[in-house]
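Each protein sequence line maps, in turn, to chains A, B, C and D. Last residue of the first sequence: number 271 in our numbering, and the count goes up by one each step with no gaps. Last residue of the second sequence: number 271 in our numbering, and the count goes up by one each step with no gaps. Last residue of the third sequence: number 271 in our numbering, and the count goes up by one each step with no gaps. Last residue of the fourth sequence: number 271 in our numbering, and the count goes up by one each step with no gaps.
Number of protein chains: 4
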Amino acid sequence: MQRADLRERVLEANLAIGRAGLVVLTFGNASAIDREAGVVAIKPSGIPLDSLAADDIAIVDLASGAVVEGETRPSSDTPTHLALYRSWGDVGGIVHTHSPFATAWAQAHREIPCYGTTHADHFDGSVPVTRLLTPAEIQGEYEHATGEVILEAFAARGLPPLARSAVLVASHGPFTWGASVEAAVENAIALEAVAASAYRSVELAPALEAIPPELREKHFSRKHGPAAYYGQPA
Amino acid sequence: MQRADLRERVLEANLAIGRAGLVVLTFGNASAIDREAGVVAIKPSGIPLDSLAADDIAIVDLASGAVVEGETRPSSDTPTHLALYRSWGDVGGIVHTHSPFATAWAQAHREIPCYGTTHADHFDGSVPVTRLLTPAEIQGEYEHATGEVILEAFAARGLPPLARSAVLVASHGPFTWGASVEAAVENAIALEAVAASAYRSVELAPALEAIPPELREKHFSRKHGPAAYYGQPA
Amino acid sequence: MQRADLRERVLEANLAIGRAGLVVLTFGNASAIDREAGVVAIKPSGIPLDSLAADDIAIVDLASGAVVEGETRPSSDTPTHLALYRSWGDVGGIVHTHSPFATAWAQAHREIPCYGTTHADHFDGSVPVTRLLTPAEIQGEYEHATGEVILEAFAARGLPPLARSAVLVASHGPFTWGASVEAAVENAIALEAVAASAYRSVELAPALEAIPPELREKHFSRKHGPAAYYGQPA
Amino acid sequence: MQRADLRERVLEANLAIGRAGLVVLTFGNASAIDREAGVVAIKPSGIPLDSLAADDIAIVDLASGAVVEGETRPSSDTPTHLALYRSWGDVGGIVHTHSPFATAWAQAHREIPCYGTTHADHFDGSVPVTRLLTPAEIQGEYEHATGEVILEAFAARGLPPLARSAVLVASHGPFTWGASVEAAVENAIALEAVAASAYRSVELAPALEAIPPELREKHFSRKHGPAAYYGQPA
């Protein structure tokens, strides 16, 4: 992958989450990895979307986190992204937002159950919520520890990252990912739609239960995996 | 009807539900039927609205569902549309979305009672919710079975399709229809407005009852049927 | 007032309520009166806002309701507008919408109490809700009777129309008015903002009471009446 | 600071709160201070944002409130702004809106607890709500008294203004401020996002508690103060 191309895709991903209404001010960031080169391209810290250019995208080393190219300071959330990339070899892109409804679930410390087929089209079950970080984790390498509690939440549930490509960090907000940064953006948009519908569903039916597993599996496998028949043939 | 014209109308219908905020990503599809030719024009599967062109619209045979023209794979929901067209001879167009508020009611398995004249202007009573599909239906011809449970919900209530041109598929989302695809789009927009107002009405008045039948009938017959006096003379 | 000018202002008022998000499809209408000429200019029935032109605005006789100029059939709500213009000599314009939050209050049959200064800046107390129409009123001259129940609600409370320029018709939606059609549009926008804030305020504080009268009077008189000091000197 | 420059910045701040959806009609105003010259530039009263020009921005004397330049009458809320500028020497800009969710909390007389990191990124604890003004304060120098109850709320809690740059005036709406008017605008946008997320969080978790102090301090100090590492190096 050309470096300029990687930067353009990461720029476009950051602009896309802004256009989709998931990010106001500088509340969000998207990154993509070039696994061959061992580098991650990520939004710079604190630069608003309307003045962001491809040249501002920071390139950091996957292993050390050091900036290897570019004049900008990378997102303060970079260590969270790196922790996920290091553990999850099939993840190609990551998106973090404070999108309105997903953040409300994260702040309420509630996972989002699978209440319908919109959810099942994208995520094969509840979107998990992490535990709160401990005081020691917060006062130490905070952003790295945020990545660790995400990994912990997935390991504890035995979840492969690409079947359930979203998480709610407790008291914070959502992260999504995918095989590419474009898929991570799509998951961020889907997550917010799902979070909004789920919020209104539990207002209408407080005791609502998740949909039956066969319906959830049908919809997820319609779009993902070897038996998928959704979309155009490759 | 010219084939090119049918495609243009179906393209425009798909774009219209996007512009109206009813569809994000690829969560929706619109179709129209040419009954003389025995074909249905429908959105292709998984193509985002901003890159959709008239030539992408798939043309399928009403009886067999086979693609009779076009290079694209039709929407995975095509068998649902076909089931409705086959049983309901006066339906000319169908729209499926995952619009935010209508989907919340569908996920909550609650019909939308007629709480006001906006509702009665478009639908002559509660918007019904289907039963959940059985595991056998889900694992079999799922999308066709989705059409069947819609037909079943209307048959059980003795409803003619053009008087109550909307349904909520349980745990899934809304379908609307009409004498034309343009009417189906209008009903999709009206349904979402009605679903949003109904949601907020029950928050403000949890024990709210439907409006009296004479008010509902007045508004519906003002716009529909032989005594209609709404709109411009034909 | 020139007839063409009246039409332009009514066209602009109808477009303004669309731009403000108060009207989808054809759910709304605005009118203005020329008291000298004894005519009312009003939106035609069922024509969507994006294809509306000044020449489509219907001109009807205040006393008889007959069309005196123009090729279009006036809004089906015209008799409601006329009833208000006939009784309220200082009203210059009227707006009717099915705006989302105001309609929810109307459907819930709840008046909107004055919960804050945004409300008091525009309306000097609760926005009243009418009684439901009787079956006889619904089956008779329905739209005229809608005007009558609005007048009845204001007469019963002893309210002068220009101090409380908004009403919720039960199970239907809001009407607003003002000394001019531009003021009626402003009141429609303010009412929807007030209805939304009030909805959320009662969710946060179910037992919330109206603000004290001295605060309500202060804000209303800051903007209205002889002691007003808000805005630019005339 | 050049006077023309000050006016341009205040114009842009007023336009920015409109574009961000925080202001409809004339429900808001922004100001900036030139401490050397002892003057404040502020939006004129009652002029809608779409017809506002830099020349309309009023320049008033910090001490007396008298207009020292410009043809317009300054915002009726000018005495509130002046009271804050006089007491808080490090405040450079102030924004007042009736933004939808923040106003709902203000009308409900509830402070906004710190429920997540979005909040902690901007405000180092609960956004306070003032007491209601007394009848005497309302009937006297009302807008000045509004400034006084804000100052009282901060003094009673021992809060430095720049660590908690937002307040909810009871039964009214929010004010925000910052070292510059641009920072005040950013805080107004952040406050509305925080108010919306907090509203939905308490719907999902009615007994929700504020986040632990170490998480709140971590996020606030990441962006503010000597140890900040968020954003680009100056």
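Ideal Cβ placement from N, Cα and C applies to all residues, glycine included. Source: prediction; values computed, not measured.
By the neighbour-count definition (other C-beta atoms within 10 Å, threshold 16), Ser-202/D is a buried residue.
For Glu-106/D, there is no enclosing alpha helix (DSSP H); the residue is part of the beta strand (DSSP E) that begins and ends at 104-106.
Chain order gives the chain B residues near Phe-138/C as Arg-237, where near means a beta carbon separation below 7 Å. Contact between Thr-167/A and Ala-207/A is confirmed by a C-beta separation of about 5 Å, below the 8 Å threshold. Counted as a single uninterrupted DSSP element, the beta strand (DSSP E) harbouring Ser-68/A occupies residues 65-71. Considering only His-209/D, Glu-106/D, Leu-188/D and Thr-63/D, the residue with the shortest C-alpha distance to Val-128/D is Leu-188/D. The beta carbon of Ser-68/B does not come within 7 Å of any beta carbon belonging to chain A, so the residue lies off that interface. Take Leu-52/A, set aside five residues on each side of it, and the residues of its chain with a beta-carbon closer than 8 Å to its own are Leu-86 and Leu-89, in chain order. Judged by their CB atoms, Leu-245/B and Ser-234/B are not nearer to each other than the 7 Å cut-off.
Among the residues facing chain D, Ala-91/A is not included, as its CB has no counterpart in that chain under 7 Å away.
Beta-bridge annotation (DSSP): Asp-98/B is paired with Val-76/B. Annotation: Cβ neighbours of His-209/D in chain C (cutoff 7 Å, chain order): Gly-153 and Thr-154.
Burial is judged here by how many other beta carbons sit within 10 angstroms of a residue's own beta carbon; Gly-177/D has fewer than 16 and is exposed. DSSP, read as helix, strand or coil, puts Ala-182/D in helix.
Under the Cβ criterion of 7 Å, Leu-86/A is not counted among the residues facing chain D. Ile-131/A carries a strand assignment under DSSP once its states are collapsed to helix, strand and coil.
Nearest CB-CB separation between Ser-234/C and chain D: below the 7 Å threshold. Scanning chain C for C-beta atoms nearer than 8 Å to the C-beta of Gln-269/B yields Pro-81, Ser-82, Gly-83, Ile-84, Thr-109 and Arg-110, reported in chain order. Ala-173/C counts as exposed, since fewer than 16 other C-beta atoms from the protein chains shown sit within 10 angstroms of its C-beta. Annotation: Ile-131/D has no Cβ neighbours in chain C at a cutoff of 8 Å; minimum Cβ distance is about 17 Å.
Think of a sphere of 7 Å around the beta carbon of Glu-223/D: the chain A residues whose beta carbon falls inside it are Leu-62, in chain order.
Identification of chain A residues near Arg-168/B by a Cβ-Cβ cut-off of 7 Å yields none; the smallest Cβ-Cβ distance measures about 12 Å.
As the crow flies, the alpha-carbon of Tyr-179/A is around 23 Å from that of Val-61/A. Excluding its 5 nearest sequence neighbours in each direction, Val-105/B has C-beta neighbours in its own chain below 8 Å: Val-76, Ile-96, Val-97 and Asp-98, listed in chain order. Shown here, Ile-149/A sits in a strand according to DSSP, grouped into three states. Take the alpha-carbon of Glu-219/B and the one of Leu-48/B: they are about 11 Å apart. By the beta-carbon neighbour count (other beta carbons within 10 angstroms, threshold 16), Gln-144/C is buried.
Residue contact check for Leu-43/C against chain D: no CB pair falls below 7 Å.
Neighbours of Arg-147/C in chain B, taken as residues whose beta carbon is under 8 Å from its own, are Leu-241 and Ala-242 in chain order. DSSP places Trp-214/D inside the beta strand (DSSP E), whose first and last residues are 210-215. For Val-206/B, the three-state secondary structure derived from DSSP is strand. Leaving aside the five residues that flank Glu-148/B on each side, the residues in its chain whose CB is nearer than 8 Å to its CB run, in chain order, Trp-142, Ser-163, Val-164, Pro-165, Val-166 and Leu-205.
The Cβ neighbour count for Glu-223/C, taken over all protein chains shown within 10 Å, is at least 16; the residue is labelled buried. In the structure shown, Val-222/D falls within a helical segment according to DSSP collapsed to helix, strand and coil. Between Thr-140/A and the set Ala-230/D, Arg-44/D and Pro-111/D, the nearest pair of CA atoms involves Ala-230/D.
At a cut-off of 7 Å between beta-carbon atoms, Leu-59/D makes no contact with chain A.
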